[in-house]
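Here the structure is laid out as structure tokens; the discussion comes afterwards.
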Amino acid sequence: MSKIKMKTKKAVAKRFKRTATGKLKRKQAYRQHDAWAKTKKQRRHLSKPALVHETDAKRIDSLLPR
0 MSKIKMKTKK AVAKRFKRTA TGKLKRKQAY RQHDAWAKTK KQRRHLSKPA
50 LVHETDAKRI DSLLPR
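Residue numbers (numbering that gives the first Met the number 0): 0 to 65.
And the structure:
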């Protein structure tokens with residue numbers, strides 16, 4: 000009898016990527032609106048990806064099979 004594979008949650012798969020070490024990478028928030036009110040430094044730092052916090056990563060991990 001074959002094991003049933005879990006389907007990937009596509010909404011989660013589009014928003015998060017797994018790093019080589021297994022951590023989850025995400026985009027920064029506060030980038031879309033009112034960019035003119037933010038400094039150039041703020042906008043530059045927001046363009047870099049961030050890692051998902053370990054407490055949130057456990058929940059997201061269950062939606063993304065390996």
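Cβ atoms here follow ideal geometry from the backbone N, Cα and C, with glycine treated the same way.
Exercise. So the beta strand (DSSP E) residue 25 belongs to, where does it begin and stop?
Worked result: Looking at the DSSP string, the run of the beta strand (DSSP E) that includes residue 25 is 23-25.
For this session: Taking residue 46 as part of the alpha helix (DSSP H), name the residues at either end of that continuous run.
Result: That run of the alpha helix (DSSP H) goes 39-46.
Problem set entry | Residue from 5, 7, 28 and 17 whose Cα sits closest to the Cα of residue 45 | It is 28.
Exercise. Is it the case that the Cβ atoms of residue 34 and residue 42 are separated by a distance below 8 Å?
Worked result: Going by C-beta atoms, residue 34 is nearer than 8 Å to residue 42.
Exercise. If you draw a straight line from the C-alpha of residue 16 to the C-alpha of residue 30, how long is it?
Worked result: Going by the C-alpha atoms only, they are around 19 Å apart.
Exercise. DSSP on residue 2, reduced to helix/strand/coil?
Worked result: Of the three classes helix, strand and coil, the one that applies to residue 2 here is coil, per DSSP.
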